[in-house]
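As C-alpha cells, the structure follows; a few thoughts come after it.
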Amino acid sequence: MIKKVLKVTLMRARCLSYLFENAYKKLITREMISHAVWGERSQFVSDANLTQLLYLLRRDLQQIGLFELFVTLPQAGDKNR
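Per UniProt numbering, numbering through the sequence shown is continuous, rising by one, with the last residue being 81.
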C-alpha cells in the first residue's frame with residue numbers, strides 16, 4: 001500500500017478540518033467557512049480570498065486522489081459529498 005502525504009498551509013488545514021467536522025450538515029455556507037478559517041477577521045476577507053482557498057484545497061486533495069470531496073453550489077454554499 002502506498003501512503004500519500006498531503007502538506008497544506010494553516011488556512012487550508014483549518015478549512016479542511018472545518019469541512020470534515022461539519023460533514024453531517026447538508027449545506028455549509030461560505031460565511032461559515034470564512035468564519036471558521038479567519039475567525040473575527042473574516043469580515044475583512046474578500047470573497048475572492050475564500051474562492052482561492054477552496055480552489056487550492058481542491059487542487060491539493062486531487063493530488064492524493066480525492067476528487068469532489070465537496071462541491072460548490074452557486075448562490076448556496078458548499079456541500080460535502
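The C-beta atom is built at its ideal place from N, Cα and C for all residues, glycine as well.
If you draw a straight line from the alpha carbon of leucine 57 to that of valine 37, how long is it in whole angstroms? Position 57 of the sequence shown, counted from the start, is the residue given in the question as residue 57. Position 37 of the sequence shown, counted from the start, is the residue given in the question as residue 37. Between leucine 57 and valine 37, the C-alpha separation is close to 13 Å.
If we ignore side chains and look at the alpha-carbon of each, how far apart do threonine 9 and lysine 25 end up? As a working note, residue 9 is residue 9 in the sequence shown. As a working note, residue 25 is residue 25 in the sequence shown. Going from the Cα of threonine 9 to the Cα of lysine 25 covers about 25 Å.
CA-CA distance, glutamate 68 and serine 34? In the sequence shown, the residue the question calls residue 68 occupies position 68. In the sequence shown, the residue the question calls residue 34 occupies position 34. Approximately 20 Å between the Cα atoms of the pair.
Taking the alpha-carbon of glutamate 31 as reference, which of Ala23, Ser46, Glu21 and Phe20 has the nearest alpha-carbon? In the sequence shown, counting from the first residue as 1, residue 31 sits at position 31. Residue Ser46 is the option with its Cα nearest to glutamate 31.
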